[in-house]
Structure formats: structure tokens, C-alpha cells
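First residue of the sequence shown? That's 35 in this note's numbering, and the numbers climb one at a time after it. Glycine included, every Cβ here is placed at the ideal spot set by N, Cα and C. In this text, all values refer to a predicted model and were calculated from it rather than measured experimentally.
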Amino acid sequence: MARKKKSGPGEINAGSMADIAFLLLIFFLVTTTMDTDTGILRQLPPPIPKDAPEPPKVKERDVYVVLVNSRDQLLVESELMDISELKEGTKEFLTNPDNIESLPEKKRITRAEVTERIAYFKGLMASDAENAAAYKKELGKWNRKLNAINLIGEYSELPGSAVISLRNDTETSYDMYIQVQDELTRAINELRNELSEQKFGKPYIELDKNNPEEKNMILAIRQVYPQRISEAEPNVTKNNK
Numbered sequence: 035m036a037r038k039k040k041s042g043p044g045e046i047n048a049g050s051m052a053d054i055a056f057l058l059l060i061f062f063l064v065t066t067t068m069d070t071d072t073g074i075l076r077q078l079p080p081p082i083p084k085d086a087p088e089p090p091k092v093k094e095r096d097v098y099v100v101l102v103n104s105r106d107q108l109l110v111e112s113e114l115m116d117i118s119e120l121k122e123g124t125k126e127f128l129t130n131p132d133n134i135e136s137l138p139e140k141k142r143i144t145r146a147e148v149t150e151r152i153a154y155f156k157g158l159m160a161s162d163a164e165n166a167a168a169y170k171k172e173l174g175k176w177n178r179k180l181n182a183i184n185l186i187g188e189y190s191e192l193p194g195s196a197v198i199s200l201r202n203d204t205e206t207s208y209d210m211y212i213q214v215q216d217e218l219t220r221a222i223n224e225l226r227n228e229l230s231e232q233k234f235g236k237p238y239i240e241l242d243k244n245n246p247e248e249k250n251m252i253l254a255i256r257q258v259y260p261q262r263i264s265e266a267e268p269n270v271t272k273n274n275k
């Protein structure tokens with residue numbers, strides 16, 4: 035009798051492997067997070083309409099001029115300055131503790147003035163529906179001031195025209211540009227942290243914007259120390275021939 039031939043192992047059906055691989059690929063694409071470069075957060079001004087009225091003149095004392103030339107030299111208010119001094123210079127500009135005439139003149143914001151202005155604009159909104167949108171915008175500004183007073187008390191405020199004007203050269207190194215940005219931001223954050231610790235017992239950077247109570251604290255601190263950094267178009271270096 036002929037012996038029965040042993041059969042080999044059965045073949046694996048690989049027809050569905052492509053479908054499984056495709057499903058795994060989709061799964062990883064959906065669940066994987068990708069690193070993104072955030073860059074420096076700056077809000078640029080909107081384009082100026084051609085028929086817009088001429089803006090009011092800004093006082094020289096209200097502008098802190100920071101220039102970085104093609105040799106990475108730092109000039110602040112037309113004078114050479116070491117990068118290590120920029121933070122303290124910026125803090126002095128934003129606070130003007132000694133009421134120096136060459137620095138912004140700060141105005142005291144009182145509860146009496148704020149409540150009076152809020153009542154005034156509410157009255158205008160009720161009596162002049164045509165211009166209600168403009169009055170509502172002004173009302174929002176004074177409500178933000180009231181929120182700051184409620185949380186930190188009456189305070190001294192920078193004029194609306196006070197700004198840090200930063201300008202660099204096309205040949206300025208990226209490293210120097212970032213150093214200047216860091217020092218300016220550090221100055222503002224230190225002032226905010228100091229005020230937040232004094233009033234709320236914790237640094238500004240630790241306040242949670244997702245917490246409604248702490249979000250109001252953040253808005254109050256920003257009302258006192260706004261971040262106004264204006265970046266002008268870089269100077270173009272002319273090559274000497």
C-alpha cells in the first residue's frame with residue numbers, strides 16, 4: 035500500500051494585510067501630534083485705509099527707541115547700550131518711578147473717574163442708537179479699567195501712545211535679534227510677575243487663563259503693564275563699493 039503523503043503547512047491568506055496596514059497608518063496619523071514652530075508672538079497693526087485721518091502726533095517721551103544695527107550694536111534712545119542693560123532700561127521706561135520728564139507721564143486711574151465714564155457711555159448708548167457700536171467700544175475700555183481697580187486697586191497707567199519701537203538692520207544677526215526680543219519681553223514679564231505676586235500671591239506666568247477668576251487677574255495685570263512692542267521695517271544695509 036502506498037503511504038499517504040504528509041501535507042505541508044497551510045498557506046496564510048494575506049489578502050487582508052493591506053487593509054490592516056492602511057487602518058494602522060490612518061490610526062497613527064490621527065493620534066500622533068506634530069511639533070510646530072511657534073515663533074515670536076506679535077500682533078501686527080491692520081493696514082491703514084487711504085482715506086484714514088492723520089494720526090495724532092506722538093510725544094517723543096512716549097516712545098522707547100531700540101535700534102540694532104548691522105554690526106549687532108544696540109542703540110537705545112540714540113545711545114550705545116549693552117544688551118545686559120536693556121531689561122532694566124525698559125522697566126524704567128514702563129514705570130517711570132522718579133517722574134522723569136523724558137519718560138512717559140503716567141496718569142492715576144481712580145474709581146470715581148471710571149464709574150463716571152461708564153455711566154456716561156451707558157447713557158450715550160441708550161440715547162444714540164446710531165453710534166451705539168462706538169460707545170460700546172469705549173464702554174468696554176472703561177470696564178477693563180474697572181476690573182483692574184476691583185482686583186488690584188487704583189493704579190497709574192501708561193498713556194495710550196507709549197510704545198517700545200524696535201528696529202533692526204537687514205544685516206543684524208538672528209541671534210542678536212532674538213536676544214533683544216527676549217530682554218524686552220523679560221522686562222514686561224518681570225513687572226507683571228512682581229505685581230501679580232504682590233496682589234494675588236502668585237506670579238503672573240502661573241495664572242491660568244482657563245480659570246475665570248484668574249483670567250480676570252491676567253486682564254487686570256495687562257491693563258497696568260500692556261505689551262506694546264512696535265517692529266518697524268528693517269533698515270537695508272548699503273554695501274560700500
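Boundaries of the alpha helix (DSSP H) harbouring residue 208: 208-234, taken from the DSSP string.
Burial of residue 124 is indicated by the presence of at least 16 other C-beta atoms within 10 angstroms of its C-beta. In the three-state reduction of the DSSP assignment, residue 54 falls in the helix class, which pools H, G and I. A straight line joining the alpha-carbon of residue 254 with that of residue 64 spans about 39 Å. The DSSP-derived three-state label of residue 108 is strand. Going by C-alpha positions, residue 110 is about 13 Å away from residue 197.
Taking 7 Å as the cut-off, the beta carbon of residue 120 is found closer than this to the beta carbon of residue 217. Considered as a whole, the region 141-194 harbours 145-161 and 166-186 as its complete alpha helix (DSSP H) runs of no fewer than 4 residues, in chain order. Assigned with DSSP and collapsed to three states, residue 134 falls in coil, not helix or strand. Counting along the chain, residue 250 sits inside the alpha helix (DSSP H) bounded by residues 246-258. Within 10 angstroms of the beta-carbon of residue 112 lie fewer than 16 other beta-carbons, which makes it exposed. Relative to residue 138, the option among 59, 126 and 214 whose CA is nearest is 126. Excluding five sequence positions before and after residue 140, the CB atoms of its chain that fall closer than 7 Å to its own CB belong to 130, 190, 191 and 192, given in chain order.
Annotation: residue 119 is outside any beta strand (DSSP E) and is labelled neither H nor E by DSSP. Distances from the CA of residue 107 to each of 264, 205 and 122 were compared; the closest alpha carbon is that of 205. Nearest C-alpha to residue 263 among 222, 146, 152 and 203: 222. DSSP, read as helix, strand or coil, puts residue 96 in helix.
The bridge partners DSSP lists for residue 113 are 110.
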